[in-house]
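Student: Take this structure, written in structure tokens, and hold onto it; I'll ask about it next.
Number of protein chains: 2
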Amino acid sequence: MEKKKWSDLWLAYDMVTELGGKRSLTIEGFDSGNRVIKSAIAELNSGLKGLVGIELVTAEAFEKAANEKISFVKETSVPKEGYEVSGTDGEVIIKAGDENGILYGVFALLRNLAMGQRLESVNEKSSPSNPIRMMNHWDDMDGKIERGYSGDSFFFENDEIIINERTVDYARFMASIGINAVAINNVNVRGAATFLITDRFFSKVKELQDILADYGITLYLTINFASPIEIGGLETCDPLDEKVISWWRDKSKEVFEKLPEIGGFLVKADSEGRPGPFTYGRTQADGANMLADAVKPYDGIIIWRCFVYNCTQDWRDYKTDRARAGYDYFMEFDGAYRDNVILQIKNGPMDFQVREPVSPLLGGLKKTNQMLEVQIAQEYTGHQIDLFYLIPWFKEVLGFRTYCKEDCDTVADIISGKTMGNKNAGFVAVINTGNDYNWTGNDLAAANLYGFGRLAYDMSLSAETIAREWVRLTFSMDKKSEDVLVEMLLDSGDIYEKYTAPLGIGWMVTPHYHYGPSVDGYEYSRWGTYHRADHHAIGVDRTDKGTGYAQQYYSKNAEMYNDPETCPEELLLFFHRIPYTRKLKSGKTLIQHIYDSHFEGAEEAKALSAKWDSIKDAVPADVYERVAKRFELQVENAEEWRDQINSYFYRKSDIPDEKGRKIY
Amino acid sequence: MEKKKWSDLWLAYDMVTELGGKRSLTIEGFDSGNRVIKSAIAELNSGLKGLVGIELVTAEAFEKAANEKISFVKETSVPKEGYEVSGTDGEVIIKAGDENGILYGVFALLRNLAMGQRLESVNEKSSPSNPIRMMNHWDDMDGKIERGYSGDSFFFENDEIIINERTVDYARFMASIGINAVAINNVNVRGAATFLITDRFFSKVKELQDILADYGITLYLTINFASPIEIGGLETCDPLDEKVISWWRDKSKEVFEKLPEIGGFLVKADSEGRPGPFTYGRTQADGANMLADAVKPYDGIIIWRCFVYNCTQDWRDYKTDRARAGYDYFMEFDGAYRDNVILQIKNGPMDFQVREPVSPLLGGLKKTNQMLEVQIAQEYTGHQIDLFYLIPWFKEVLGFRTYCKEDCDTVADIISGKTMGNKNAGFVAVINTGNDYNWTGNDLAAANLYGFGRLAYDMSLSAETIAREWVRLTFSMDKKSEDVLVEMLLDSGDIYEKYTAPLGIGWMVTPHYHYGPSVDGYEYSRWGTYHRADHHAIGVDRTDKGTGYAQQYYSKNAEMYNDPETCPEELLLFFHRIPYTRKLKSGKTLIQHIYDSHFEGAEEAKALSAKWDSIKDAVPADVYERVAKRFELQVENAEEWRDQINSYFYRKSDIPDEKGRKIY
């Protein structure tokens, strides 16, 4: 048999303990012919066989063979998409209120087994933190992936949709971590992708949608706001134009007839050259609501991205502050968005930098559905070459108190719907997959794929718990090696942050490419991304005496950020313009902190690489080689960052390193 | 009739004075059936008809009609490719020793007429300064042009050769300015272009070669040094390998049989990723001589580019100096190159920057054929958006005294063959054409196309003479407008230099793209292009205390460059590391000079634009619009340069502008 062209990731189902024997499956309250239940049965079947050597048989066969069973039980008190798995000597029961709950319960059971739990003592009860747990693919229909670091698309090639065994495995992986929604095409909708909502593609999209639906996943399509022009031949896409409104009404009817299980549309408008309502002097709300009305009859949802800013700023313009843009554009219309509109908000006000404050829109909006968008494609965090386990960073974001209410005010509360009691809410990631054998380029980057899904399902899980689950499910290595790898993952983000742009300043990356340093690369650009370092100081004053960005937060946070004494130090240069000679809390000057952290970061990158070598024997040879090659590049990259950053600031400040280390 | 897709440039032959009547043509000593003579006759015919309304008739017809004639007379005392044109009342005689001389004489006659000279008083005698006067096209076979700013290739499209009326016009234009050699394909030979020397393309290349030969132009092909591998299937292209030697011997035989009039091969080896002898531990001489031996039986020539340097330098490496590379690689083998090898040497040691010293290889080599390579494609000089008339700059280069001999030691002397008495020598330009209607993107950039050819033919012509010729031939405008445009051209280079990188430092351009400023764009790169600006000073010390580059010149120049007091100020930062506070000859500090020249340069760019507007009525409307659009962009570009350069140096040096102007 030819080797499969993709790996099984964390669903390898290698034997843990050979139990053998047979078990019967009984199903109470569910239709055994339901597509999701069928998937749950199939998964249970192959999982049990692989992990513990148990054969699943029908109830009749069972009577004659053995005395143990597994039951799917409908239990309406279990929350939506939640499950309760409990094992005893004679029976394992999976209770759920709906089919997705059963499927997730099956995966939970198998995960527990793979983690080393015994069948009779599995006992897990969980339900999703977030109503919508979504992946956004930035796949283009020519097969390329925007900001993809794992090969090409497995959805598209040469302007056609690909459907094969890999599509099914993709759906299984997503379901196994609790993902219940995906948008398969890039938010920048161009060329053929514009026509995904036309006859040209309906039948293939339907096929794809069915595969996803088998695993409880709802398909969304990203649409081109200019579709009325590009598909419909209208002369405008003004959201208040009657012809446009009626075009979208008809189009939505057609789409939902052809693709009855589609969730709705995802839209990037008025951003980075994409068309949108601003072109016609309309508001973002005008645009989103017009679409929302069109899909409303079919319970469709409009997910509207808030990544809107002026991308042709003049670097000489000291007044405009890109960080302010999201809040400035969207807050005014809080409460004006339809119930079936969700605003999708990036975690920070800029664009997925290594360190940013939490976007003040999150919780700033009090009467609008919100979803948090993060990026596990490592655009600014090392291109899946450098190791960066993102879950600790996401945990920080989720735990951030917005003070939008007296309690229940964290980002996690807001996106889960707790704060406002809304159901159209959730957590979405720009995914890091491609058609590479290992799906994620760097084998270790799969920890972010796995981790995001698990975290989105259960935001109370710790970064360490998730890391350990992923390591054990993927590698089942000895405990000592597992500890090493878990520690590597947990440390990796801090290390990357140390050797890249300092203290929240961001953007010191090679323009367009976004890997490797270029301190002034975005300094004189049109992107609103300036550090304004001179001989004395660095940073943009975003306080009440500066651009006023800090004042977009509720007062407690606004005050904290406004004062360099209380501003968290890792964000100091995001909010303040600071002289190199200012003493930090460590007692070091800012410039010495820059030097020290960069020397440390590069050293620690080297140590990471050495740790990987130390567990060489605990991982498959091909995995070792792939990852080792990347660590080599990471060490080089870290040295490049160290030297460029240190040289840049030394040349500018003229202040030498206290420790006299080599600066160029 | 459909409008032609390309302009007639300086050969529009619009009526100057209607003389009317008929003239006969007599031909003495030449074969009237010779391809070049036939072209000369055709050109004379259409030129006379257009310019003065004269009809050219056969001698028999003439007897009955009029009493005046034009004669082509073979006169062996006229130097190779030279001509003598003398007009009297009854006869205009064009004397030449060869067919090219006649053709050039015809063009000279027509040029004189177009310039306003009367037929009977035309009197011009000239002969080429340079044996080889060549254009290098960087056209790729997919139709793109590397560093092309005038549309796509008119030679290639979709990996095929294009031959049409435009090909003929191209040949006419080249001949009209004295060009006698062209290489049509990019020096970076990849893909289909590798196979230009195979059966796949011979018949089409032959067709093209014939069109060029009709106009006295010799075709050269740029070859891939790895052809023995890529075409021949050998495992090596080691120039000392017997199989490789014999492959090239056979291949040359085949090429010269199929394309008997080809001049030879142009080679870029061991440079920027191209394969070459270094791969096998061989020298550049080994590579060039092997090929020279292969083409020798057919009087073929190998033109070998000297653009060889380490393009993976570490910016932290302060010892390696890219400026040294050409000299270091090629001087050692002076005298070891075959007689039919010509080294093609860029004007400066780096790469076509706005200001560089003359390459020390020119004249450094005393026993090796040399050709000077310049770039009229405006890669670093404004992308044919900004106006930059290059001829004054080329005149400076040509007039540079190398001191390789007591006299007859200028660059012009060396490349013309005067210094060493050699005939394989000359002047070559990377051309600025494409398939745009006006051939050169910016209509005014045609002045460089015209100017290079005229200068290569007669290096004694002044930049102003050439500019005036081109303006009059192209626009035939009133004298006042002509003066304005000539002055604009003559000033344009200084203006561009003022607002871009200061005092010979170079490379402060957007990486890869090479238009617009990026002060640190190449500072931390692998290209050996560093300014090393810090808080105090800028520049690389290339003196005897630094990299020793200045010592590659003969002592008189070496001493001049070695001392900042005697180093020409426009090259000060090329040779020296200079504190911002150093006083220049003007009495200004270096930093103040930077501020002042940049404010001035941007103002002067604006003034250029205004001057163009002032002659709006003297040029065709479409030309005005195209050029005006470019001046708009130039003004913007100049302001961007001004502000980025000034801000960069102010932020770094902390020294304010004495005049308190706006710096960001």
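Just so you know, the protein sequences line up as chains W and U, in that order. Going by the working numbering, the first residue of the first sequence is number 1181, and it counts up by one from there. Going by the working numbering, the first residue of the second sequence is number 1181, and it counts up by one from there. Note that beta-carbon positions come from the ideal geometry of N, C-alpha and C, so glycine has one too. A quick note: this is a predicted structure, and the numbers were derived from the prediction, not measured.
Thinking Y1637/W and S1309/W are a contact (beta carbons under 8 Å), I'd like their distance in whole angstroms, please.
Tutor: As a working note, residue 1637/W is residue 457 in the first sequence. As a working note, residue 1309/W is residue 129 in the first sequence. 7 Å between Cβ atoms; contact.
Student: Ignore the nearest five residues each way along the sequence and tell me which others in R1762/W's own chain have a CB closer than 6 Å to its CB.
Tutor: Counted from its first residue, the first sequence places residue 1762/W at position 582. Result list for R1762/W: L1770, in chain order.
Student: For Q1824/U, go through chain W and note every residue whose CB falls closer than 7 Å to its CB, in chain order.
Tutor: Position 644 of the second sequence holds residue 1824/U. Here the neighbours are Y1704.
Student: In the DSSP assignment, find the unbroken beta strand (DSSP E) run with N1365/U in it and report its ends.
Tutor: Numbered from its first residue, the second sequence carries residue 1365/U at position 185. Boundaries of the beta strand (DSSP E) harbouring N1365/U: 1361-1365, taken from the DSSP string.
Student: Count the other CB atoms within 10 Å of the CB of F1829/W; is the residue buried (16 or more) or exposed (fewer)?
Tutor: The residue you call residue 1829/W lines up with position 649 of the first sequence. That one is buried.
Student: Between the region 1516-1528 of chain W and the region 1482-1492 of chain W, can you find at least three pairs of beta-carbon atoms closer than 8 Å?
Tutor: yes
Student: Name the two residues that bound the continuous beta strand (DSSP E) containing G1267/W.
Tutor: One-based indexing of the first sequence puts residue 1267/W at position 87. Where G1267/W is concerned, the enclosing beta strand (DSSP E) stretches over 1263-1267.
Student: Can you give me the Cβ contacts of Y1710/W inside the same chain, cut-off strictly under 7 Å, excluding the 5 residues immediately before and after it?
Tutor: Taking the first residue of the first sequence as 1, we reach residue 1710/W at position 530. Same-chain partners within the cutoff: W1495, E1703, V1720.
Student: Beta-carbon separation of L1179/U and N1628/U under 9 Å?
Tutor: No answer is possible for residue 1179/U: it lies beyond the span of chain U, which begins at 1181 and ends at 1844.
Student: On a CA-only basis, which of A1605/W, A1468/W, S1383/W is nearest C1417/W? Give me that one, please.
Tutor: Position 237 of the first sequence, counting from 1, holds the residue named residue 1417/W. Measuring from the Cα of C1417/W, the nearest candidate turns out to be A1468/W.
Student: Which class does E1340/U belong to by DSSP, given the choice of helix, strand or coil?
Tutor: Here the question's residue 1340/U lines up with position 160 in the second sequence. In this structure, E1340/U counts as strand in the three-state DSSP scheme.
Student: Can at least three beta-carbon pairs, one atom from the region 1679-1692 of chain W and one from the region 1808-1823 of chain W, be found at a separation below 8 Å?
Tutor: yes
Student: Excluding the 5 residues preceding and the 5 following E1223/W in the sequence, name in chain order all residues of the same chain whose CB lies nearer than 6 Å to its CB.
Tutor: Stepping through the first sequence from its first residue, residue 1223/W is reached at position 43. Correct list, in chain order: V1286.
Student: From the beta carbon of A1713/W, is the nearest beta carbon of chain U less than 9 Å away?
Tutor: Locating residue 1713/W in the first sequence gives position 533, where the first residue counts as 1. Using a CB distance cut-off of 9 Å, A1713/W counts as an interface residue toward chain U.
Student: If you compare alpha carbons, which of C1491/W, Y1734/W, A1717/W, S1794/W is closest to Y1760/W?
Tutor: Mapped onto the first sequence, residue 1760/W falls at position 580. Proximity to Y1760/W across C1491/W, Y1734/W, A1717/W, S1794/W peaks at A1717/W, based on C-alpha coordinates.
Student: Provide the residue(s) that pair with D1319/U in DSSP beta bridges, ordered along the chain.
Tutor: In the second sequence, the residue the question calls residue 1319/U occupies position 139. D1319/U is bridged to I1325/U, N1365/U.
Student: Using three-state DSSP, classify S1219/W as helix, strand or coil.
Tutor: Here residue 1219/W refers to the residue found at position 39 when the first sequence is read from its first residue. Of the three classes helix, strand and coil, the one that applies to S1219/W here is helix, per DSSP.
Student: Could you tell me how far apart the beta carbons of W1190/U and Y1630/U are, in whole angstroms, since I believe they sit closer than 8 Å?
Tutor: Translated into the one-based positions of the second sequence, residue 1190/U becomes position 10. Translated into the one-based positions of the second sequence, residue 1630/U becomes position 450. Contact annotation, W1190/U with Y1630/U: C-beta distance approximately 6 Å; criterion of less than 8 Å satisfied.
Student: Using Cβ-Cβ distances below 9 Å, what residues of the region 1490-1502 of chain W are close to chain U?
Tutor: Those would be W1495, R1496, Y1498, in chain order.
Student: Could you spell out where the beta strand (DSSP E) holding T1746/U opens and where it closes?
Tutor: Here residue 1746/U is taken as the residue at index 566 of the second sequence, counted from 1. Run containing T1746/U: none; DSSP gives neither H nor E here.
Student: Three Cβ pairs or more, each shorter than 8 Å: is that satisfied between the region 1211-1219 of chain W and the region 1271-1284 of chain W?
Tutor: yes
Student: Closer than 7 Å by beta-carbon distance: list the chain U residues that pair up with Y1844/W, in chain order.
Tutor: Locating residue 1844/W in the first sequence gives position 664, where the first residue counts as 1. Simply R1496.
Student: For a test of the three-state rule: what should DSSP assign to P1408/W, helix, strand or coil?
Tutor: For this step, residue 1408/W is matched to residue 228 along the first sequence. Three-state result, P1408/W: helix.
Student: Taking 7 Å as the limit between beta carbons, can you name the residues of its chain near M1181/U, skipping five residues before and five after?
Tutor: As a first step, residue 1181/U must be located in the second sequence, where it is residue number 1. For M1181/U, the predicted model reports a pLDDT of 46, less than 50, meaning its position is unreliable; a value from the coordinates is still stated below. Once the five neighbours on either side are set aside, M1181/U has no close Cβ partner at all.
Student: Quick check: is any heavy atom of the ligand GTP less than 8 Å from the C-beta of A1192/U?
Tutor: Inclusion of the ligand GTP in the displayed structure is not the case, the ligand content being empty and no account of it being possible.
Student: List the residues of chain U that V1302/W touches, going by C-beta distances under 9 Å, in chain order.
Tutor: Position 122 of the first sequence, counted from the start, is the residue given in the question as residue 1302/W. In chain order: nothing, as chain U lies at least about 55 Å away.
Student: Within its chain, find whatever has a CB closer than 8 Å to the CB of T1746/U; leave out the 5 residues flanking it on each side and keep chain order.
Tutor: On the second sequence, residue 1746/U is found 566 positions in, with the first residue counted as 1. E1739, M1740.
Student: At which residues does the alpha helix (DSSP H) containing I1611/U begin and terminate?
Tutor: As a position in the second sequence, residue 1611/U is number 431, starting the count at 1. First-last for I1611/U: undefined, no H or E at that position.
Student: If the cut is a Cβ gap below 8 Å, which residues of chain U does D1834/W touch?
Tutor: Working through the first sequence from its first residue, we reach residue 1834/W at position 654. Within chain U, the residues near D1834/W are D1714, H1715, H1716.
Student: So, helix, strand or coil for M1314/U, using DSSP?
Tutor: Position 134 of the second sequence, counted from the start, is the residue given in the question as residue 1314/U. Correct three-state label for M1314/U: strand.
Student: Is M1863/U near V1362/U, with beta carbons less than 9 Å apart?
Tutor: For residue 1863/U there is no data in the structure shown, the boundaries of chain U being 1181 and 1844.
Student: Taking 9 Å as the CB-CB cut-off, is V1488/W touching chain U?
Tutor: By one-based count along the first sequence, residue 1488/W stands at place 308. No, because no Cβ of chain U sits closer than 9 Å to the Cβ of V1488/W.
Student: Answer yes or no: do W1821/U and Y1804/U have a C-beta to C-beta separation smaller than 9 Å?
Tutor: Within the second sequence, residue 1821/U is the residue found at index 641, counting from 1. Within the second sequence, residue 1804/U is the residue found at index 624, counting from 1. Taking the C-beta atoms as reference points, Y1804/U is found no nearer than 9 Å to W1821/U.
Student: Taking only the alpha-carbon atoms, compute the straight-line gap between I1207/U and A1276/U and give it to the nearest angstrom.
Tutor: By one-based count along the second sequence, residue 1207/U stands at place 27. By one-based count along the second sequence, residue 1276/U stands at place 96. Between the alpha carbons of I1207/U and A1276/U lies a gap of roughly 11 Å.
Student: For L1470/W, which of A1808/W, W1427/W, N1490/W, T1492/W has the nearest alpha-carbon?
Tutor: The sequence position of residue 1470/W within the first sequence is 290, counting from 1. Correcting the residue type first, residue 1470/W is Met in the shown sequence and not Leu. M1470/W has its Cα closest to that of W1427/W, out of A1808/W, W1427/W, N1490/W, T1492/W.
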